[in-house]
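111 is the number of the first residue of the sequence shown in our numbering; add one for each residue after it.
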Amino acid sequence: MAAGQRLICAGSALMDGGTGVRFSVERYGRQRPAFVIRYHGRVYAYLNECAHVPAELDLQPGEFFDHSKLYLICAIHGALYAPDSGRCLGGRCEGRGLQALPVFESEGDVYLVLENFDG
Numbered sequence: 111m112a113a114g115q116r117l118i119c120a121g122s123a124l125m126d127g128g129t130g131v132r133f134s135v136e137r138y139g140r141q142r143p144a145f146v147i148r149y150h151g152r153v154y155a156y157l158n159e160c161a162h163v164p165a166e167l168d169l170q171p172g173e174f175f176d177h178s179k180l181y182l183i184c185a186i187h188g189a190l191y192a193p194d195s196g197r198c199l200g201g202r203c204e205g206r207g208l209q210a211l212p213v214f215e216s217e218g219d220v221y222l223v224l225e226n227f228d229g
């Protein structure tokens, strides 16, 4: 593993539209919840906070997708987000999206990019 990146999980832990993997990052001097998911074959990561209020999206650990497996959903408010951008698609997020985190997949593992990030 190169400097400037942190291993999050094995890529095999993420099924397309399936359960995500929770992890934490340091932002502004404190630990914040985050998650990574796979959607249409690619990995995406976000802070685990609804844009409406700072509540975690998943009521059950790692369950970020709605029943259709097409959208990320806040289990508390019902806000819907695009899995590939974090953009608000409807609900109480009122146009505010999820905060994306830089991740990539290499040689079967998923990494968080730490450069220009408090990670």
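Even for Gly, the Cβ is constructed at its ideal location relative to N, Cα and C.
Sheet register partners of residue 146 (DSSP bridge): BP columns for residue 146 point to 131 and 155.
C-beta atoms of residue 222 and residue 157 nearer than 9 Å: Taking 9 Å as the Cβ cut-off, residue 222 and residue 157 do not qualify as a contacting pair.
Residue 102 to residue 181 span [Cα, whole Å]: Residue 102 is absent from the structure shown; the chain starts at 111 and stops at 229.
CB of residue 186 within 9 Å of CB of residue 199, strictly: For the pair residue 186 and residue 199, the CB atoms are not nearer than the 9 Å cut-off.
Residue 121 (DSSP reduced to helix, strand or coil): Three-state DSSP puts residue 121 in a helix.
Three-state secondary structure (DSSP) of residue 229: Legend: pLDDT at residue 229 = 49, less than 50; position of this residue unreliable, value from coordinates given subsequently. Judged by DSSP in its simplified three-state form, residue 229 adopts coil rather than helix or strand.
Identity of the residue in 119, 189 and 141 nearest residue 148 by Cα: For the residues 119, 189 and 141, the minimum Cα distance to residue 148 belongs to 119.
Among 127, 116, 224 and 190, the one whose alpha carbon lies nearest that of residue 172: Per the Cα distances, 127.
Where residue 138 falls, given that 16 or more other Cβ within 10 Å makes a residue buried: With fewer than 16 other Cβ atoms within 10 Å, it is exposed.
C-alpha distance - residue 167 paired with residue 206, whole-angstrom precision: Whole-angstrom Cα-Cα distance: 14 Å.
First through last residue of the beta strand (DSSP E) which encompasses residue 214: Taken as a continuous stretch (DSSP letters only), the beta strand (DSSP E) holding residue 214 covers 213 to 216.
Candidates 121, 123 and 129, of which the one nearest residue 175 by Cα: With distances taken between Cα atoms, residue 175 lies closest to 129.
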